[in-house]
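All remarks here apply to the structure that follows.
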Amino acid sequence: MELNKGTARKLGGSLVVAIPSGVVRQESIHPGDQITFTVKKQKKSFRGVLKGISDFKEEDKFFHD
Amino acid sequence: MTNIVVDAYTWIHYCRDGKYAEIIETYLLKNTCFTSSITVAESVSKVLREGESPRPLIEAIHALSQAVPFDEALAEETGRFHTSMRKKRKHFGLADAALYCTAKGLKARILTNDHHFAEFKETILLEKEK
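First to last, the sequence lines map onto chains A and B.
Everything in the first sequence is counted per the working numbering, starting at -19 for the first residue and increasing by one.
Everything in the second sequence is counted per the working numbering, starting at 88 for the first residue and increasing by one.
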């Protein structure tokens, strides 16, 4: 099954995510149908968040001797 | 999906967008990654000594990996392993021993570019991945 992504939106005390129309058609889902799904938070990139610093060197290690 | 322990070099290199950053990001996003509390301390100290806030680094570590506390059992194992390694290699550090023992306990590989780890089968050496 293809991995689908969506944005969580607040609804009362819960969060809701829309099922993409393509998935609705592919799975023939109708209002009131029971469905199963897995939820996993998408990992965000932090690449380059500290661009100004130099590489970690041997002398930066704890207990360096 | 593989368990991977990420060392301080790798976190700093990723955050500074070094030449292996793309490879590191692939490993971070596609595997279950762990960071030793000793690595957190080393990385935070490095960033602070360069006059930057460690907040973005800490956010990255928390978002992309699970912290592994350095507890008493791990400390004892680290001490034993450090002693055995020192018989072979004079400059094998205690932090390196702690990282290796953390990975061993998690049955994880070690993502690093540190040649002190080159001899271990668990190691993913960044320069060989390029």
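Where a beta carbon is used, it is the ideal one built from N, C-alpha and C, also for glycine.
Handout entry: Contact set between the stretch 151 to 173 of chain B and chain A, restricted to residues whose Cβ is under 7 angstroms from the partner
Key = L151
Problem - Buried versus exposed call for G138(B) [16 or more other C-beta atoms within 10 Å across all chains shown] - result: exposed
Practice task
Could you tell me whether the stretch 18 to 28 of chain A touches the stretch 144 to 153 of chain B, using the rule of 3 or more Cβ pairs below 8 angstroms?
Solution key: yes
Problem - In DSSP terms, what A154(B) is bridged to - result: T122(B)
Exercise for the section: Please compile the residues from chain A whose C-beta is within a distance smaller than 7 angstroms of the C-beta of G105(B). Expected result: D35
Exercise for the section: Say whether chain A places a C-beta atom closer than 9 angstroms to the C-beta of K208(B). Expected result: no
Practice task
Give a yes or no on whether 9 angstroms exceeds the smallest Cβ distance from K217(B) to chain A.
Solution key: no
Practice task
Apply the 10 Å Cβ neighbour rule to D94(B) and answer buried if 16 or more other Cβ atoms are within range, or exposed otherwise.
Solution key: buried
Exercise for the section: Name, going along the chain, the residues of the stretch -8 to 26 of chain A whose beta-carbon falls closer than 8 angstroms to a beta-carbon of chain B. Expected result: K23, K24, S25 and F26
Exercise for the section: Would you list the residues sitting across from P91(B) in a DSSP beta bridge? Expected result: It is worth fixing the name first, because residue 91(B) is Ile in this sequence and not Pro. Beta-bridge pairing links I91(B) to C120(B) and R196(B).
Handout entry: Contact with chain A by A137(B), beta-carbon distance below 9 angstroms
Key = Per the sequence presented here, residue 137(B) reads as Glu, with Ala not at that position. Cβ-Cβ to chain A under 9 angstroms: yes for E137(B).
Handout entry: C-beta contact flag for A184(B) and F42(A) at 9 angstroms
Key = no
Problem - Check whether I125(B) and L213(B) have beta carbons under 9 angstroms apart - result: no
Exercise for the section: Please list the partners that G(-14)(A) has in chain B, where partner means a Cβ-to-Cβ separation under 9 angstroms. Expected result: The premise fails here: G(-14)(A) is roughly 18 angstroms from chain B at the closest Cβ pair, so nothing lies under 9 angstroms.
Exercise for the section: Could you check how far apart the C-beta atoms of R(-11)(A) and L(-17)(A) are, in whole angstroms? I think they sit under 8 angstroms. Expected result: Incorrect: roughly 20 angstroms between the Cβ atoms, too far for contact.
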